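As you go down the protein sequences, you meet chains A and B in turn.
The opening residue of the first sequence carries number 1 in the numbering used here; numbering runs sequentially from there.
The opening residue of the second sequence carries number 479 in the numbering used here; numbering runs sequentially from there.
Built from N, CA and C at the ideal position, the CB exists for glycine as well.
Since this is a predicted model, take the numbers as computed values, not measurements.
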Amino acid sequence: MNAVPAFVWLIALPFVGAPLAYFSRRRWVIFGIIGALWVIFGLQLLQPRSTHYRVGEVNLGLDGAGVLLAGLALTLGTLIGVYSSAYLKHESGRARDRHDALLLILIGALLGLGCATDLFNLWLWLELLSGSAWMLVAFHGNRPAALEATVKYVTQSMVGSALSLIGVALTLWQVGSLDLARISTAGSSPLLLAAGGFLVIGMGLKAALVPLHTWLPDAHSQAPSGVSALLSGIVVEAALVALLRLLGALAAVEFSWGALLIGCGCLNLIMGNLMALRQSEIKRMLAYSSVAQVGYMLIGFGITALSGDPGGAQGAFFHLITHALLKGLAFLAAGVMAVGLVRPLTLADLGGGAKRAPLAAMALSVAVLGLGGLPPLAGFMSKWQIFVSGFAGSPGWVQAVVIFAALNSVLSLVYYAPVALALYRQTDTTATRVAQPVSFSLPLLVMLLVSLLLGFVPGLMETLTGEAGAVLGSLWVP
Amino acid sequence: MNTPAVAFVGALVLVGIGLVGTLTCRNLIKVAVALQIMMKGVLIALVAAGAAQGQINLGQSLAAIVLGVDTIGAVILLALSVQVRRRFGTLDVSALSQLRR
Chain A
1 MNAVPAFVWL IALPFVGAPL AYFSRRRWVI FGIIGALWVI FGLQLLQPRS THYRVGEVNL
61 GLDGAGVLLA GLALTLGTLI GVYSSAYLKH ESGRARDRHD ALLLILIGAL LGLGCATDLF
121 NLWLWLELLS GSAWMLVAFH GNRPAALEAT VKYVTQSMVG SALSLIGVAL TLWQVGSLDL
181 ARISTAGSSP LLLAAGGFLV IGMGLKAALV PLHTWLPDAH SQAPSGVSAL LSGIVVEAAL
241 VALLRLLGAL AAVEFSWGAL LIGCGCLNLI MGNLMALRQS EIKRMLAYSS VAQVGYMLIG
301 FGITALSGDP GGAQGAFFHL ITHALLKGLA FLAAGVMAVG LVRPLTLADL GGGAKRAPLA
361 AMALSVAVLG LGGLPPLAGF MSKWQIFVSG FAGSPGWVQA VVIFAALNSV LSLVYYAPVA
421 LALYRQTDTT ATRVAQPVSF SLPLLVMLLV SLLLGFVPGL METLTGEAGA VLGSLWVP
Chain B
479 MNTPAVAFVG ALVLVGIGLV GTLTCRNLIK VAVALQIMMK GVLIALVAAG AAQGQINLGQ
539 SLAAIVLGVD TIGAVILLAL SVQVRRRFGT LDVSALSQLR R
């Protein structure tokens with residue numbers, strides 16, 4: 001058995017566990033499986049990095065970026081598992097079992113995506129990820145709005161997967177192999193450029209590159225809050241990492257993928273921010289802000305793709321972590337605020353929130369201000385890291401983009417700050433404190449503390465992001 | 479042109495037809511059918527690409543996996559269509575416009 005590295009069990013276990021969680025109808029099963037996943041993950045961390053496992057044609061490997069994704073997926077998955085105990089209290093037992101099983105499949109797909117080293121596997125895991133995300137968005141499928149969001153998500157996502165498969169077929173035609181390492185040695189050809197184009201559009205749809213983002217605000221705002229936290233926090237970003245891995249394999253193609261990524265990043269920033277400004281629903285605003293936050297990551301990764309300097313990717317990975325924590329925290333806190341509401345939570349509902357639910361109000365304020373990039377919160381530190389790498393030895397236009405991104409960060413405070421203000425403005429004097437269950441407070445508290453800690457000690461994640469950034473950076477060495 | 483190349487061009491045409499159908503059809507079931515046309519084009523493209531490289535087995539096994547995955551997508555979309563018909567009383571996608579902001 002020693003031939004099978006630990007991470008293979010890490011991928012396999014959620015898929016064994018999902019039917020178990022569904023049919024056993026016991027809530028502790030999901031926690032048992034997540035606990036086991038943590039143990040295996042810990043064991044894997046003790047082993048040397050870049051272990052590989054080959055099953056026939058399929059080659060799986062865990063590198064720095066995979067470890068980062070896996071750690072983040074497990075952290076968010078655990079916290080959301082705890083959170084949903086209280087959030088789904090009023091749902092039927094069957095609905096809760098379905099939620100748990102899908103959550104496990106989602107975690108499993110994220111773990112698998114981090115380990116994929118060939119083009120087809122990247123596609124397959126991404127598809128599995130989307131599939132479980134569709135079903136989770138459709139959790140409240142009896143509500144017309146949720147139904148509408150799911151229909152949009154599924155149709156757009158399927159178009160994306162078909163287009164990326166055309167890219168896969170073109171690559172197979174040209175190279176004769178789908179292994180990313182083999183593709184990267186194939187040199188440049190018009191066919192590979194076309195393949196890259198199809199793959200960017202197809203996977204860009206799932207990573208919400210503007211103008212392919214239209215499904216995201218609907219899907220993320222209509223999903224249950226815990227699911228929104230996962231979708232915004234890591235699912236979109238995992239698709240982005242998948243896209244970057246395959247673009248890294250196509251780095252030899254004579255086309256400036258870096259400029260494309262930075263261009264898309266700028267579009268994401270301005271589109272996400274302008275649309276978020278117009279929203280009064282909190283979850284929808286947070287969803288649009290995810291579009292904008294992906295823009296910062298795109299710029300960071302784009303800087304690496306342009307120059308081969310891993311600093312940009314390192315900053316982008318750090319932003320991926322802080323965004324996952326802060327956006328997750330914001331969605332979870334918004335979910336706590338929305339308990340008992342039948343309509344979506346709006347800015348007006350937040351009045352007196354600090355009195356009703358002090359912890360959730362605190363969490364939501366820290367999360368939105370952090371996302372807005374207020375120093376010394378975590379969101380500022382990660383954006384700063386991206387901006388610094390943009391100034392270090394980049395051409396003038398990249399430096400202009402960095403200034404544009406920094407201005408956008410200020411712009412985003414225009415819609416983030418009112419949330420914190422509304423929570424602490426004493427408009428509702430009748431508000432009284434409502435006791436929150438532990439399964440609400442615990443995830444909020446953990447994420448709040450970790451995100452505060454990351455703001456004050458940003459070096460904490462340096463090993464993790466450094467390794468992940470080096471993996472992507474090594475693909476782009478000019 | 480050799481056979482795989484002809485097949486590949488044919489596959490691209492199918493994908494194009496499917497894409498146009500997805501964008502223009504108003505009926506949700508027709509959208510699901512258009513998506514299937516797209517996916518079937520993709521299957522041919524994968525097999526043709528495998529054949530062009532003398533690895534027909536690789537192309538075919540990829541196509542078989544895609545077949546499974548896209549069936550799941552089709553089933554979910556059709557299940558959603560049933561729900562849409564129940565909640566909205568129509569299959570017209572333009573009725574799904576609550577979230578257009």
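- Interface residue (Cβ-Cβ distance to chain B less than 8 angstroms): Asp118/A is not classified as such.
- Minimum Cα-Cα distance from Ala70/A among the listed residues Gly114/A, Gly370/A, Val137/A corresponds to Gly114/A.
- Per DSSP, Asn59/A is one residue of the beta strand (DSSP E) stretching across 58-62.
- Residue pairing by DSSP places His220/A opposite no residue, since no beta bridge is assigned to it.
- Of all residues in the segment 531-556 of chain B, those with a C-beta nearer than 9 angstroms to a C-beta of chain A are Gln531, Gly532, Gln533, Leu536, Gly537, Ser539, Leu540, Ile543, Val544, Val547, Asp548, Ile550, Gly551, Ala552, Ile554, Leu555, reading in chain order.
- One finds nothing in chain B with a Cβ atom closer than 7 angstroms to the Cβ of Glu91/A; even the nearest lies about 17 angstroms away.
- Contact check for Met517/B and Ala162/A: beta-carbon distance about 6 angstroms, within the 8 angstroms limit, so the pair qualifies.
- The straight-line gap separating the alpha-carbon atoms of Leu569/B and Asn505/B is approximately 5 angstroms.
- Note on Met479/B: under 16 other CB atoms within 10 angstroms of its CB, so exposed under the neighbour-count rule.
- Pairwise C-beta distances place the segment 301-318 of chain A in contact with the segment 377-388 of chain A, as three or more of them are shorter than 8 angstroms.
- A distance below 7 angstroms between beta-carbons, with the five flanking residues on each side excluded, links Gly466/A to the following residues of its chain, in chain order: Gln314.
- Sequence-distant Cβ neighbours of Glu127/A in its own chain, meaning closer than 8 angstroms and more than five residues away, are Ser161.
- Thr117/A: not part of any alpha helix (DSSP H); DSSP gives it neither H nor E.
- In its chain, beyond the 5 residues on either side, Ser132 have a beta carbon closer than 6 angstroms to the beta carbon of Leu106/A.
- DSSP, read as helix, strand or coil, puts Asn505/B in strand.
- Around Gln279/A, the same chain offers Met285, Tyr288 as residues with beta carbons nearer than 7 angstroms, after the five sequence neighbours per side are excluded.
- Taking a C-beta distance under 8 angstroms as the contact criterion, Gly272/A and Tyr87/A do not qualify as a contact pair.
- Excluding five sequence positions before and after Ala146/A, the CB atoms of its chain that fall closer than 8 angstroms to its own CB belong to Val137, Ala138, Phe139, His140, Gln222, Ala223, given in chain order.
- In this structure, Arg425/A sits away from Gly312/A, with a CB-CB distance that is not shorter than 8 angstroms.
- Counted as a single uninterrupted DSSP element, the beta strand (DSSP E) harbouring Thr51/A occupies residues 51-55.
- Straight-line measurement puts the Cα of Val200/A at about 14 angstroms from the Cα of Leu191/A.
- When DSSP states are grouped into helix, strand and coil, Glu281/A belongs to the strand group.
- Straight across, the Cα-Cα distance linking Leu347/A with Gly335/A is about 13 angstroms.
- Contact residues of the segment 499-527 of chain B toward chain A are Thr500, Leu506, Val509, Leu513, Met516, Met517, Gly519, Val520, Ala523, Leu524, Ala526, Ala527 (C-beta to C-beta distance below 8 angstroms).
- Val154/A reaches chain B at Gly551, Ile554, Leu555, Leu558, counting residues in chain order whose Cβ is nearer than 8 angstroms.
- Using a Cβ-Cβ cut-off of 7 angstroms, Gly176/A is close to Gln531, Gln533 of chain B, given in chain order.
- The beta carbon of Val446/A sits closer than 7 angstroms to those of Leu79, all from its chain and outside the five residues before and after it, given in chain order.
- Cβ proximity to chain B below 9 angstroms picks out Ala169, Leu170, Thr171, Leu172, Trp173, Gln174, Val175, Gly176, Ser177, Leu178 from the segment 169-197 of chain A.
- If you draw a 10 Å sphere on the C-beta of Val560/B, you find fewer than 16 other C-beta atoms in it, and that means exposed.
- Looking at the backbone, the Cα of Leu209/A and that of Thr432/A are separated by about 43 angstroms.
- In this structure, Val434/A lies away from Leu364/A, with their beta-carbon atoms at least 8 angstroms apart.
- Beta-bridge partners of Thr346/A (DSSP): Glu281/A.
- For Asp179/A, the pairing in a beta bridge is given by DSSP as Asp118/A.
- In the three-state reduction of the DSSP assignment, Asp309/A falls in the coil class.
- Linking Ile403/A to Leu76/A through their CA atoms gives a straight-line distance of about 32 angstroms.
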